[in-house]
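Okay, structure first, notes after.
Numbering (our numbering), first residue to last: 5 to 195.
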């Protein structure tokens, strides 16, 4: 009877000693967290759109298409592992670019840039004011872009062309909703 109690006592003492050693090796930190590293925007919002988002999402959108040629209609879609890998890189760039849109104090456009391609777009100053006045909505729009781009990644990882087309449409809708609110809110063209 005492032998069993001695064994239990030794086990309890050993467990407490082990726990004490673990706690000593991993003390709770009471030091304050380091201040966040400030971002230094280089590109304007417009440049992120035209240099990162547009070319990458166009690659994704154009990956599934019907093309009329002199030989007839050609159906294009990703088929090989390499096709899907390359497509994933482009979709990933779109998803991550959404984070770049959220960096505060990023200029809207270069001083000499034209933000209007059809006459309905606001000036860079007006866009900046609108974003500042509705910052939380702008954040939600950028997050929507990212979540829809993540839908692209899910479809790509599943190698599912139908889901890829569906997710591509959701990205397009997310882009249009943000643009119609912040870039050309007064546009009367059908959406």
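Note that beta-carbon positions come from the ideal geometry of N, C-alpha and C, so glycine has one too. The model shown is predicted, which means the values in this text are computed figures rather than measured ones.
- Cβ neighbours of residue 141 within its own chain (closer than 6 Å, five residues either side excluded): none.
- Annotation for residue 182: 142, 145, 146, 148 and 149 place their beta carbon closer than 8 Å to its own, counting only its chain and skipping 5 residues before and after.
- Sixteen is the threshold: when 16 or more other Cβ atoms of the shown chains lie within 10 Å of the Cβ of residue 82, as they do, the residue is buried.
- Within its own chain, the residues whose Cβ lies closer than 8 Å to the Cβ of residue 187, once the five positions on either side in sequence are excluded, are 119, 125, 126 and 131, listed in chain order.
- A distance below 8 Å between beta-carbons, with the five flanking residues on each side excluded, links residue 117 to the following residues of its chain, in chain order: 48, 50 and 128.
- The criterion of a C-beta distance shorter than 8 Å is satisfied by residue 157 and residue 99.
- When DSSP states are grouped into helix, strand and coil, residue 71 belongs to the strand group.
- Contact check for residue 95 against residue 68 fails: the beta carbons are separated by 8 Å or more.
- Membership of residue 152 in the alpha helix (DSSP H) is indicated by the continuous run 139 to 161.
- The alpha-carbon separation between residue 152 and residue 185 amounts to approximately 18 Å.
- By the neighbour-count criterion, in which a residue is buried when 16 or more other Cβ atoms sit within 10 angstroms of its Cβ, residue 173 is exposed.
- When the five nearest sequence neighbours on each side are left out, the beta carbons in the same chain lying within less than 6 Å of the beta carbon of residue 107 are those of 43 and 45, in order along the chain.
- Setting aside the 5 residues that flank it on each side, residue 79 is surrounded in the same chain by 70, each with a C-beta closer than 6 Å to its C-beta; the list follows chain order.
- Residue pairing from DSSP places residue 80 in a beta bridge opposite 69.
- In terms of CA proximity to residue 56, 103 leads the group 161, 74 and 103.
- For residue 109, the three-state secondary structure derived from DSSP is coil.
- Distance from the CA of residue 88 to the CA of residue 163, rounded to the nearest whole angstrom, comes to 7 Å.
- Secondary structure at residue 59: helix, using DSSP grouped into helix, strand and coil.
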